[in-house]
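The listed protein sequences derive, respectively, from chains A and B.
Residue 445 in the numbering used here sits at position 359 of the first sequence; the count goes up by one each step and never skips.
Residue 302 in the numbering used here sits at position 258 of the second sequence; the count goes up by one each step and never skips.
From the three backbone atoms N, C-alpha and C, an ideal C-beta is built for every residue, glycine too.
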Amino acid sequence: MKESLGATGLILNEPLLWEKGKKGRCGFSFPRRDVEPCPLDEELTGEGPDFPDLSEVDVVRHYTRLAQWNFGVDTGMYPLGSCTMKYSPKTNEKQASLPGFTGAHPLLPSSLSQGALKMMFEFEQYLNEITGMYATTLQPAAGAHGEFTGMLIIYAFHKKQGAQRSKIIVPDTAHGTNPASVSLCGFRPVPVTSNEQGILSVEAIAEIMDQDTAGIMVTNPNTLGLFEENIQKIAQIVHAKGGLVYCDGANMNAVMGMVKMGNIGIDVMQLNLHKTFSTPHGGGGPGSGPVSVAKHLEPFLPVPRVVEENNTYILAEDYPDSIGKISAFHGAFGVIIKAYSYIRSMGPENLKKASQLAVLNANYIKERLKGTLHLPYDRPCMHECVFSDKHQATQNIATLDMAKRLMDYGFHPPTVHFPLVVPGAIMVEPTETESKEDIDQFIETFKAIASEARENPDLLHHAPKSCKVKRLDEVTAARKPCLTG
Amino acid sequence: MIYLPHTDEDIFSMLQVLGADNLDDLFSTVPEDCRFTGDLNLPEALSEWELNDHMSTLSNTMAVSPEYKVFVGAGSYEHFIPASVSYLLGRSEFVTSYTPYQPEMSQGTLQAIYEYQTLAARLLGMEVATASHYDGATALAEALLMAVRITKRKKVAISSLIHPLYRRVIQTYFGPTGYEVVELPYLNTGVTDTTGLDEMDDLAAVAIQSPNFFGCIENLQVLGQKAHDKKTLFVASFTEALAYGLLKSPGSQGADIVGGEGQSLGIPRSFGGPALGILASGKKHMRSLPGRLVGKTKDLDGKTGFVLTLATREQHIRREKATSNICTNNSLCALAAAMYMASVGGTGIRKLAQLNHDKAEYLKNKLKKAGVGIPFDSPTFNEFVVEFPSGFETTHKHLLEKKIIAGLCLSPYYPELANHYLLCVTETRSKNDMDTLVREVKS
């Protein structure tokens with residue numbers, strides 16, 4: 087194995103913000119006071135919040151030190167399955183920080199916002215083309231928000247038909263947020279188990295689909311990283327009973343230019359721009375979750391819609407069947423700019439190639455690690471592969487031990503204990519932006535850890551040893567929550 | 045392509061390991077009739093330099109400061125953002141990390157969010173704040189759904205002076221639930237009329253925004269007392285977080301839950317998003333809060349560290365019983381807000397809020413002297429409603445040509461308020477800008 091990436095460096099301690107500073111300091115350059123003071127009624131004014139007073143240097147050192155305790159895609163390989171930690175191109179950040187975009191007010195007349203509206207309009211067209219759907223809204227602020235929007239659209243569709251339905255079918259290989267999105271709309275999620283191949287069988291759906299079921303919510307490719315091969319037949323069954331097919335498109339990064347969801351029976355889907363279209367995850371957000379729909383669902387999309395009239399773009403409100411507004415303004419515009427820049431930089435061929443290489447990388451890892459780790463579904467995968475700790479469990483080593491040990495070698499661990507259908511799951515998604523050398527090193531590292539599991543299991547039980555902190559007491563954190571200082 | 049590191053040789057050797065001839069072979073599990081065999085109809089790839097030109101062209105069409113003098117707030121505010129905040133926020137360890145599922149490798153994000161939760165709670169006078177939500181509208185909608193869950197009642201009353209677009213989002217969220225939303229009218233002083241509450245029973249929550257959409261400061265204490273007398277939860281909202289540098293905090297006035305927008309705290313307007321939904325409550329309701337929470341704990345050696353906590357409320361543990369479907373927080377926006385609050389500081393935020401207030405008062409008084417109507421006489425913060433003479437639309441358009449945006453026309457939101465405009469002044473508007481506006485309005 088090549089020299090490990092894991093090393094120790096000079097990591098500095100840093101107290102909490104309010105343990106620093108001194109009254110009277112300030113890190114903000116005050117604008118000139120060019121008007122007379124005008125005190126507000128004392129009945130209305132408070133003491134002001136108890137914030138520390140810090141200088142600019144205090145603030146800069148504080149966050150620089152904190153940043154050094156973090157690991158990002160720019161630091162190294164981050165193969166979190168289902169999360170798609172691909173590289174976030176730097177030019178996208180630059181475009182999103184152009185002053186015409188950052189300074190734009192969302193409620194000015196359309197004539198003063200043409201650039202933003204044109205970009206949004208074009209971006210919707212690009213997403214329509216990639217998904218094969220008819221129309222797109224950019225308003226949902228994250229993937230789960232898109233799921234909720236999609237469910238609201240399904241609800242509105244059935245309401246318009248004059249007969250509301252009460253259930254939605256949600257497979258066990260669906261994303262964790264799916265059942266909650268369903269419940270939020272007043273539907274009851276009906277679970278269905280995938281077959282021994284890890285995908286949905288036509289029979290299982292035929293058995294439970296009925297006239298009281300509003301539709302199905304399929305993650306495709308699913309959370310086992312497998313393509314739902316029976317999707318067209320399943321869509322036919324659901325449609326025949328008057329239901330709609332929702333596709334959680336979070337894994338669209340596997341099939342850009344290879345599969346158009348609109349052509350295979352999907353009625354509505356969300357895209358996660360922070361996954362498929364390379365926008366950074368920001369330690370948990372902001373995301374962006376556009377929703378694309380087939381023609382018969384267009385009337386239900388959120389308002390306002392961006393409309394083109396003679397090369398001029400306007401925001402149109404007049405859609406009486408619309409579900410309404412899902413965000414205060416136009417969604418995560420700053421994130422949308424980055425995804426737009428990505429599509430423009432990649433072009434059609436490279437988008438397709440990105441999917442192909444993501445699938446290549448995942449299959450390569452699956453093939454080379456399947457002797458080391460247990461592979462519950464040994465068949466070609468899409469963009470991610472799911473192993474389990476079954477082999478190591480006999481040595482009293484669990485998934486989490488291997489995950490923590492990876493940190494000592496300079497890798498972020500894969501997703502663990504998800505999907506729930508695989509006990510002790512280790513879900514690896516390398517993405518297309520990892521090179522063969524880095525992937526080889528990841529594979530060799532995992533093999534070395536498997537050897538350690540046999541020969542020196544304590545190394546794993548006590549891992550990580552080279553991070554800022556050792557394993558943390560999560561039980562006490564939840565039992566006696568301390569959420570503010 | 046610079047983001048795709050594979051050489052032809054890499055691809056060839058990897059395919060060999062898989063026993064595949066070409067990349068298409070890898071998609072053998074996708075049935076033939078599911079495959080798209082054409083070429084995507086998208087514009088050809090641009091070089092980095094072509095993209096720069098293209099995006100600059102789009103960006104240059106936008107009406108922004110300093111070229112334009114924008115007197116519009118209405119939930120999206122122009123405030124100065126220190127270069128240090130933007131610079132620190134660009135640290136790629138923050139930007140390119142995921143939700144901190146592996147705490148040992150994410151202590152930077154976790155401590156920063158714990159600090160954000162603390163500062164947000166202190167700003168609002170509340171005991172607990174979440175790791176953040178999408179925006180003010182969705183935070184408020186979640187606050188109301190939370191009140192419904194806590195009280196097991198199915199009706200909420202919201203002020204008609206809550207931001208009109210927030211109210212529309214609430215309607216969308218509540219649409220399929222069967223829960224009822226009642227709107228409370230407003231008085232001619234520009235604050236919420238709560239007399240109707242006396243007739244309403246079984247309310248889960250009463251929601252009030254302060255400063256409200258007209259910029260008027262509501263008497264939260266009296267309203268909160270009224271809600272509590274009816275054994276109803278009191279939900280406070282806000283669009284201008286900076287106001288609480290100066291005003292009494294919602295927590296100190298009896299708010300049970302607070303849901304509002306933190307964009308003012310160091311986040312660019314960016315055409316309305318991404319934004320910062322702030323959601324806070326008392327400890328009593330902590331376990332009913334939707335969304336991520338960071339908690340303090342110890343590691344094996346007894347060293348202080350931070351983790352995501354109370355995850356059983358969330359969807360990946362009890363899928364069907366989750367408190368919400370939220371799986372993200374606007375983490376980087378929360379981080380920006382924490383950096384901003386730390387930079388401005390306790391002494392500074394009060395001073396800055398006072399300056400904002402004083403500048404807005406200056407313009408209000410000047411316009412009043414110039415004969416412009418000020419229809420609501422309640423005290424305001426940063427924003428206020430004016431009634432221009434009828435036909436002002438033409439003047440408004442004429443001012444646009446002079447790159448002055450003289451407020452937001454209120455009639456689309458409140459049809460009864462023809463010729464009424466909502467004006468906003470922050471620390472970014474100079475006396476000179478305001479004098480110019482007054483002069484133009486007079487002429």
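Query, Result
"8 Å is my cut-off, CB to CB: does A:Y173 come that close to chain B?", "yes"
"Three-state secondary structure (DSSP) at A:E395?", "strand"
"For B:F278, which beta-bridge partners are listed by DSSP?", "B:V250"
"With DSSP run on the structure shown, which of helix, strand or coil describes A:R274?", "strand"
"The ligand NAD heavy atoms versus the CB of A:E515: any closer than 7 Å?", "For the ligand NAD, the structure offers nothing, since it holds no ligand at all."
"Report back the beta-carbon spacing between A:L446 and B:L67 to the nearest angstrom; my notes put them in contact at under 8 Å.", "6 Å"
"Strictly under 8 Å for the Cβ-Cβ distance: is A:Q154 near chain B by that measure?", "yes"
"Mapping DSSP to helix, strand and coil, what is A:Y149?", "helix"
"Starting from B:E224, trace the beta strand (DSSP E) both ways and give me its first and last residue.", "E224 to L228"
"Between the segment 249-270 of chain A and chain B, which residues of the former have CB atoms less than 7 Å from a CB of the latter, in chain order?", "G262, T263, P265, A266, S267, S269 and L270"
"Report buried or exposed for B:E159, applying the criterion of at least 16 other Cβ atoms within 10 angstroms of its Cβ.", "buried"
"List, in order along the chain, the chain B residues whose C-beta lies closer than 7 Å to that of A:I350?", "C78"
"Classify A:Q247: buried if its beta carbon has 16 or more other beta carbons within 10 angstroms, exposed otherwise.", "exposed"
"Quick one, which of B:N256, B:S474 and B:N373 has its alpha-carbon nearest B:T233's?", "B:N256"
"Can you look up B:G389 in the DSSP assignment and give me helix, strand or coil?", "helix"
"Just to confirm before moving on: does the CB-CB distance between A:H367 and B:Q146 stay below 8 Å?", "no"
"Quick check: is the beta carbon of A:V507 nearer than 8 Å to any beta carbon in chain B?", "no"
"Looking at the C-beta of B:R483, does it have a partner C-beta in chain A at a distance below 8 Å?", "no"
"Report the partner residues of B:E305 according to the DSSP bridge assignment.", "B:G321"
"Below 8 Å on the Cβ atoms is my guess for A:N339 versus A:A444; work out the distance and round it to an integer in Å.", "6 Å"
"Which class does A:E384 belong to by DSSP, given the choice of helix, strand or coil?", "helix"
"Whole angstroms is fine: what's the gap from B:I361's alpha carbon to B:S332's?", "At B:I361 the pLDDT is 49, less than 50, meaning the model places this residue with poor confidence and gives no usable figure here."
"So that I know if they touch, is there some Cβ in chain B lying closer than 8 Å to that of A:I512?", "no"
"What in chain B is Cβ-close to A:N449, meaning under 7 Å?", "L62 and L70"
"Give a yes or no on contact between the segment 416-428 of chain A and the segment 355-363 of chain A, applying the rule of three or more CB pairs nearer than 8 Å.", "yes"
"According to a CB-to-CB cut-off of less than 8 Å, which residues of the segment 450-466 of chain A neighbour chain B?", "Y450, E453, R454, R465 and P466"
"Spatial neighbours of B:S128 within its chain, please: CB distance less than 7 Å, with the 5 preceding and 5 following residues excluded, ordered by chain position.", "S387"
"Beta strand (DSSP E) containing A:G301: first to last residue?", "T299 to T305"
"Whole angstroms are fine: how far does the CA of B:P459 sit from the CA of B:A173?", "36 Å"
"Report the residue from B:L205, B:P229 and B:K327 whose alpha carbon sits nearest the alpha carbon of B:V429.", "B:L205"
"Would you give the residue range spanned by the alpha helix (DSSP H) that B:K270 belongs to?", "L264 to D273"
"Taking 8 Å as the cut-off, does the segment 226-233 of chain A touch the segment 192-210 of chain A (at least 3 CB pairs, one atom from each stretch)?", "no"
"Please determine, among A:E142, A:G262 and A:N156, the residue with the shortest C-alpha to C-alpha distance to A:K554.", "A:N156"
"Tell me A:Q356's beta-bridge partners as DSSP assigns them.", "A:D334 and A:V377"
"Mind checking B:V226: buried by the 16 CB within 10 Å criterion, or exposed?", "exposed"
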